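Student: Quick one: this structure, given as structure tokens, is what I'll be asking you about.
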Amino acid sequence: MKQIYFIINPKAGNGSCLETWKKVESKLLADQIPFLAFFSEYPGHAKSIAKQIACSDQQEKLMIAVGGDGTIHEVLNGIANDKNITLGFIPGGSGNDFSRGFQIPADPKEALTVILRLRKRPGKQIDIGKVCLTNREEHYFINNMGAGLDAIISYQVNQSRIKALLNKISLGRLVYVYFLLKNVFTYKTGRFDLSIDGKTHIFEQTWFITVSNQPYYGGGMKIAPDANPDDGLFDITIVHQLSRVKLLFVFMSVFWGRHTHFKEVKTFKGKNITIYSTDSQYVHADGEHIGYTPLSIHLHAKSLEVLSRSRGKEEVDLKERDSNEFC
């Protein structure tokens, strides 16, 4: 059985993640399950810890991030090139879009139970994305990345004290709505040149572009309803040429994935993408600020093993094929 490593961000969920870990730890001890635990102390520390564990030897390991989407983003960037790591996640943040997309329970003890059951069989091989910036920095993402308004909102959310206040009263998801309303009447749209697998598209008056590996972002918004993390394709969403008031209606519909019915919302699929903009735009990866446009994005197909209850594309296709045989 693989050695289990936990990387805990005690500051996730504005400090509530420490209580999350205590619940997980108590179950581990009660069930006499051997493990090693490490706590991150500053931004980027979880990445360093993950990388050190991965490089310690060539043994297969199960690495479980305990925190929010920012925590799993850091851990991913520490292990992205290591084939001996299986990645798990126990949600302890405010957004937890990874756990939604990969069907990990919100309750920490239930999440641990699922992980311990899933580790007894091979994990799910999923795609990940790599963002290359002009300064030669590289950042991997597991959920999604974006440029434009959504990246500005992500940046402000992570810097805000309002997030902590709303988390205390269990309304943390509303922080994204608050900063949307704050920016919608001041953000200046611009031209984006988007290349998808060699084909160029030009979008005027663009609000944002999001490249998704799974459906959710922003604390539960279903930005890419059809995204599947093991289909070898990104789902690309562009919102452009619509009024500020209509943008609010589009965002309200995102929680149900209905925004794609608006004519101003364009969707594509692809593997290799470049994004240019007339003005330098904020860029996020998994909700974390990583830089500015221009940039390129590349899909690494089935390069990461994760523990997940979600059905992959191959499983869905197989089930559909089997059911069709009996029609």
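Residue numbering for the sequence shown follows the numbering used here, starting at 116 and increasing by one per position.
For each residue, glycine too, the CB sits at the ideal point set by N, CA and C.
Since the structure is predicted, the reported quantities are computational estimates derived from the model, not experimental observations.
1. From residue 224 to residue 127, what does the alpha carbon distance come to, in whole angstroms?
2. Straight-line CA distance for residue 163 to residue 170?
3. For residue 399 and residue 228, what's the separation of their Cα atoms in angstroms?
4. Comparing C-alpha positions only, which one of 245, 219 and 299 sits nearest to residue 349?
5. Taking residue 403 as the reference, which of 178, 262, 346 and 378 has the closest Cα?
6. Is it buried or exposed, residue 420, if we count other Cβ atoms within 10 angstroms and call 16 or more buried?
7. Does DSSP classify residue 206 as helix, strand or coil?
8. Quick check on the burial criterion: 16 or more other C-beta atoms within 10 angstroms. Buried or exposed for residue 321?
9. Helix, strand or coil: which one does DSSP assign to residue 424?
10. Could you check what DSSP says for residue 431 in three-state terms: helix, strand or coil?
11. Quick one, are the C-beta atoms of residue 117 and residue 156 less than 8 Å apart?
12. At the level of alpha carbons, what is the spacing between residue 249 and residue 236?
13. The ligand SAM heavy atoms versus the CB of residue 421: any closer than 7 Å?
Tutor: Concretely, from the data shown:
1. Approximately 17 Å between the Cα atoms of the pair.
2. Cα to Cα, residue 163 sits roughly 11 Å from residue 170.
3. Rounded to whole angstroms, residue 399 and residue 228 show a C-alpha spacing of 32 Å.
4. Of the candidates 245, 219 and 299, the one whose C-alpha sits nearest the C-alpha of residue 349 is 245.
5. Taking only the C-alpha atoms, the option nearest residue 403 is 262.
6. So residue 420 counts as buried.
7. DSSP places residue 206 in strand when its eight states are reduced to three.
8. Residue burial is scored here from C-beta neighbours: residue 321 has at least 16 other C-beta atoms within 10 angstroms and is therefore classed as buried.
9. In this structure, DSSP gives residue 424 a state outside helix and strand, which the three-state scheme calls coil.
10. With a pLDDT of only 42 at residue 431, under 50, the local geometry of the prediction cannot be trusted, and the value read off the model is given with reservation. Here residue 431 sits in helix by DSSP.
11. No.
12. C-alpha of residue 249 to C-alpha of residue 236: approximately 41 Å in a straight line.
13. The ligand SAM is absent from the structure shown, which contains no ligand whatsoever.
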